[in-house]
Structure formats: C-alpha cells, structure tokens
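Residue numbers (the numbering used here): 8 to 425. Yeah, the Cβ is synthetic: ideal placement off N, Cα and C, and Gly gets one too.
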Amino acid sequence: MEGIATNVVSVRPEDVATCVSCGLCLNDCPTYRILGDEADSPRGRIHLIRQLMTTTAAPDPSVVTHIDACLVCRACETACPSLVPFGRIMEGAREEIAHRRPAGRLRAALIDLVTHPRLLAAAALLAWAYERSGLRRVARRLLPRRLAEMEALLPAAEGAVYRPAPRADADVQLFAGCLMRSSFGDTQRSTVRVLERSGLGVGSPQDQVCCGALHAHAGLGERSRELARANIASFSGSNAPIVVTAAGCGAHLRAYGELLGDEAARRYAARVRDASEVARPPGARRTLPRPARVAYQDACHLAHGQRIRREPRELLRGIDGVELVAIADPDRCCGSAGIYNLTHPEIARELQRQKVETILAARPDVVVSANPGCILQLRAGLAAAGARVPVVHLMRFLDDPSSALGATSSPGRADRGA
Ligand code: SF4
Ligand code: SF4
Numbered sequence: 008m009e010g011i012a013t014n015v016v017s018v019r020p021e022d023v024a025t026c027v028s029c030g031l032c033l034n035d036c037p038t039y040r041i042l043g044d045e046a047d048s049p050r051g052r053i054h055l056i057r058q059l060m061t062t063t064a065a066p067d068p069s070v071v072t073h074i075d076a077c078l079v080c081r082a083c084e085t086a087c088p089s090l091v092p093f094g095r096i097m098e099g100a101r102e103e104i105a106h107r108r109p110a111g112r113l114r115a116a117l118i119d120l121v122t123h124p125r126l127l128a129a130a131a132l133l134a135w136a137y138e139r140s141g142l143r144r145v146a147r148r149l150l151p152r153r154l155a156e157m158e159a160l161l162p163a164a165e166g167a168v169y170r171p172a173p174r175a176d177a178d179v180q181l182f183a184g185c186l187m188r189s190s191f192g193d194t195q196r197s198t199v200r201v202l203e204r205s206g207l208g209v210g211s212p213q214d215q216v217c218c219g220a221l222h223a224h225a226g227l228g229e230r231s232r233e234l235a236r237a238n239i240a241s242f243s244g245s246n247a248p249i250v251v252t253a254a255g256c257g258a259h260l261r262a263y264g265e266l267l268g269d270e271a272a273r274r275y276a277a278r279v280r281d282a283s284e285v286a287r288p289p290g291a292r293r294t295l296p297r298p299a300r301v302a303y304q305d306a307c308h309l310a311h312g313q314r315i316r317r318e319p320r321e322l323l324r325g326i327d328g329v330e331l332v333a334i335a336d337p338d339r340c341c342g343s344a345g346i347y348n349l350t351h352p353e354i355a356r357e358l359q360r361q362k363v364e365t366i367l368a369a370r371p372d373v374v375v376s377a378n379p380g381c382i383l384q385l386r387a388g389l390a391a392a393g394a395r396v397p398v399v400h401l402m403r404f405l406d407d408p409s410s411a412l413g414a415t416s417s418p419g420r421a422d423r424g425a
C-alpha cells in the first residue's frame, strides 16, 4: 500500500486493506446509530486510520475523538462480509495514537489499577460496607446526576473474594479475572460448582494476572503484551482448557496468539473456552420453584468477539421451568464496554436506555448475561428505570436458578407496567 509510513507498526496494512468501503456495517454500529456521523461508523473510522497511517505526525484531535468514541464492541465484524478484523485494527490504531501522544500517563496508571488484586479486593469490600451501611441510599439522593450515574455502576462485592486454588489433576483451569475475582466471588464459586457437577476437576493458578484487555483497548499495547506473557507462564503447568467467565477477558485471551505472534501464545489461545462451552445443563438437579421468563443478554465480546450465542441459551433451556424470552437486538452493546460508560457517559447512557427498553418489553423475571460489565450496566439501567428485575451471571443462574429468581423482590410483571 503506497503512502504508508514505514515506522507505523501497530496497525497491519493488510488488515485495513480488507475493508472495501461497502458500508454494510453502518447500521449495526451503535455509535453511528446514535451520533449519525460517518466518522463514528466502522467505515469512517477505518478511513481515518488509513489517513493516520500515511503520516507520523501527531493526530488531529478530532481524529482521536472519533477513534476514542468506538466501543470496540465488534458488532461491525459480525456485519462485515469482507471479514474485516476491526477489533485488531482499532487496538492497533489506539496504540499508534498513544505512541504519538504520550500524554495519557495518568489514564494508563488508572487502568493499571485493575492488575492489583489486593487493591481491587479492598475496593470491593469498601463498596460492600458502603452499601450495607445505608450510605449508598443517601448518596443516591444527594449526588449530582453525573456522579450518581457513576456511583450506580459501583460493584459491591458479591460474597468473599474468589481465591484461585491450583490443583494438579485439574481437567480445566479457571481464569480468575480482576473484577470477577474481587466483586463476583460468589459467581466464581458457582462456576466451580457447575463445572464440578459437569464432571470436571477445577484448578486455578495463583500467580495468574489481569488478561490485559482494558490495556489493549486503551492503546497500552506493551503493558497488554507483558500481562499476556505472565499469564502464558502462569498456565504453562498443564494443557487443560482455560475456562473464562468474563466475555471481554475470553475474547482477549483468545487473541494472545495474534498479540504475541509466537507458538506458546497460539497454544495458550487455543486452550481458551467460555464457561458456557464446557458446562453441562443442570437438568433435574436444579429446578425453579415456579416457571420463569428469562431474558439472555449477549455480551458483545461473547457474541461478536467469540461467536458464542447458542451455548448459553441451550444451557438455560436445559433448566425445567425456564421460558427463554427473546429481547430485540440481543447482541447490541449495552454501553458498558470496559470503562466506556465512565469515559463516554452520554453515549453509554443512551445505549443503556435502549437496552433497558428492549428488556422491559420482553417482561422477564430475571436477566442473565455472561460478562461482569454488562451485568453492572444492566442492573444500574433497570434500577434507574424503577424496575427491580435481578440481573445475574449465567453461571450463578445455572448453579442455583431458584435463588437467582428469589432475588426478585420486585412487584410482579404486570405491576411494572411493561
Ligand atoms: S468494515 Fe466491512 S462492512 Fe464495513 S465498510 Fe468495510 S468492508 Fe464494508
Ligand atoms: S466496534 Fe462497535 S462502535 Fe466501534 S465501529 Fe465497530 S460497531 Fe461501531
């Protein structure tokens, strides 16, 4: 490709060349649908990235704005007939921009906080105490709208922190995650039980680290690769499948081969499985006290990033009493997208509002998803809409569907007026 500066290493020219500018992805792009600007569409962003690659100069701030506004939801990959690897292109472009504008040190330091499990555990404990003390209810009434929206996303710890425990004869290795181990401890313990009931011995290496997805999305490529190398070493004691319960982590772990380009990374990536791919339906061992309408919300990085849609639904259908109800556009982004709901609150809020509207139209008793960020975003959105519909992780629901349903202290469906 003529005109491409030779020092640009982050974006692969052959990836960008796959886009034929047909525009078939536009209507599937959440930011284009909301903002209505070609520069905020996949085609528009690829055009900007092509321009970025022809120079070594610092990018125009407006280019950075359009690149930053991408959710990296990868819905455009599903829509694209030319198989454009948009997620990889976008991560490369952001790394390139970070190289040319090294002003984001504070942002990088903040993102790197997720790599400190003890810090996250302490934060989750504080969030739990804050909720239990009643301060949260008071704060919600007093905080200005913007702060109240951020506060609503605060993940209060769900039970104790999950502590990875190695096991020499494990059939599968559980990836502990950052938010999953600190704020979704009960879900991780549910996952272990579900896998054990599926006939699998579960281990989990103690020295595993953050997957690096947030870093890669923010253009912090070198730190992301460093974390990838640490995880590959940590899981090198066996060849067992690596089971993941966070869609964003799973999609990124599967990309380690491309990220590092060596054989060890490719072998690691080939071992990665979403928990829904290895769990078996609980069948008659777990039943519901009454029939329940269950809405399943696809996480972008499961549906678009890993092409996993069927397995979670089959597991849910395998539970007696579950009526799986469809929601419109189930794989459209809910606006969570890592830290997007903090960096781009207006767009995230609109996506959250649309998602809540489609969920309430389906009149579910419970909403199930397989990604912690989506779960927090949907909980906050449903609460803001005055609907007390519980939102739980797929593994928690499979482990104990009746307790997930019992969390419905809401008025009946008819009372919600949906
Ligand atoms: S990303 Fe794919 S669908 Fe979108 S314009 Fe390019 S080739 Fe067409
Ligand atoms: S990743 Fe999502 S937000 Fe970004 S261009 Fe593709 S569809 Fe649009």
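Asked, Found
"Proximity test, Val79 beta-carbon vs ligand 2 heavy atom, cut-off 6 Å", "yes"
"Ligand 2 heavy atom lying under 6 Å from the CB of Pro92", "no"
"Beta strand (DSSP E) segments (min. 3 residues) lying fully within the segment 344-422", "373-376, 398-400"
"Ser28 versus Ala253: straight-line alpha-carbon distance, rounded", "32 Å"
"Rounded distance between the beta-carbons of Pro371 and Arg300, thought under 8 Å", "5 Å"
"Continuous alpha helix (DSSP H) stretch holding Leu266: start and end", "263-267"
"Presumed contact (8 Å Cβ cut-off) between Val179 and Val209, rounded CB distance", "6 Å"
"Option in Arg403, Leu358, Ala377, Val70 with minimal Cα separation from Gly508", "Residue numbering for the chain in the displayed model covers 8 to 425; residue 508 lies beyond these limits and cannot be assessed."
"Host alpha helix (DSSP H) of Cys21 (start-end)", "One detail in the question is off: residue 21 reads as Glu in this sequence, not Cys. 20-23 is the extent of the alpha helix (DSSP H) around Glu21."
"Span of the beta strand (DSSP E) around Leu202", "Unbroken run through Leu202 is the alpha helix (DSSP H), 192-204; no beta strand (DSSP E)."
"Expected contact under 8 Å - CB spacing of Ala86 and Leu31 to nearest Å", "6 Å"
"Proximal residues to Gly219 (C-beta, below 6 Å), its chain only, five neighbours per side dropped", "Ser231, Leu234, Ala235"
"Straight-line Cα distance separating Leu412 from Thr194", "15 Å"
"Cβ-heavy atom distance, Ala82 to ligand 2, below 6 Å", "yes"
"Assigned secondary structure, Ile74 (DSSP; H/G/I helix, E/B strand, else coil)", "helix"
"Exposed unless 16 or more other CB atoms sit within 10 angstroms - verdict on Ser197", "buried"
"Cβ shell of Ser190 (< 8 Å), same chain only, five flanking positions each side left out", "Leu127, Ala131, Ala134, Pro162, Ala163, Ala164, Glu165, Pro379"
"Check whether Leu322 and Pro288 have beta carbons under 7 Å apart", "yes"
"Proximity to Tyr275 [Cα-Cα], best of Ala282, His259, Val285", "His259"
"With 16 other Cβ atoms within 10 Å as the buried cut-off, status of Ala304", "Sequence inspection shows Gln at residue 304; the Ala mentioned does not correspond to that position. Per the 10 Å Cβ criterion, buried."
"Residue closest to Arg40, alpha-carbon to alpha-carbon, out of Ala368, Arg297, Cys83, Leu113", "Cys83"
"Ile249 in three-state terms, based on DSSP", "strand"
"Check: Thr72 C-beta below 6 Å from any heavy atom of ligand 2", "no"
"Simplified DSSP assignment, three categories, for Val95", "Rather than Val, the amino acid found at residue 95 in this sequence is Arg. Helix, per DSSP."
"Beta strand (DSSP E) segment containing Ala82, residue limits", "Per DSSP, Ala82 belongs to no beta strand (DSSP E); it is in the alpha helix (DSSP H), 82-86."
"Residue closest to Val216, alpha-carbon to alpha-carbon, out of His123, Pro37, Phe93", "His123"
"Residues near Val398 by beta carbon distance below 6 Å, same chain, minus five either side", "Val374, Ile382, Leu385, Arg386"
"Span of the beta strand (DSSP E) around Ala271", "No beta strand (DSSP E) holds Ala271; the alpha helix (DSSP H) holding it covers 270-278."
"Bounding residues of the alpha helix (DSSP H) (the contiguous stretch that carries Ala310)", "307-310"
"Beta carbon of Leu401 nearer than 7 Å to that of Ala368", "no"
"Exposure of Thr63, with buried meaning 16 or more beta-carbon neighbours within 10 Å", "exposed"
"Thr38 CB to nearest heavy atom of ligand 2 below 6 Å", "yes"
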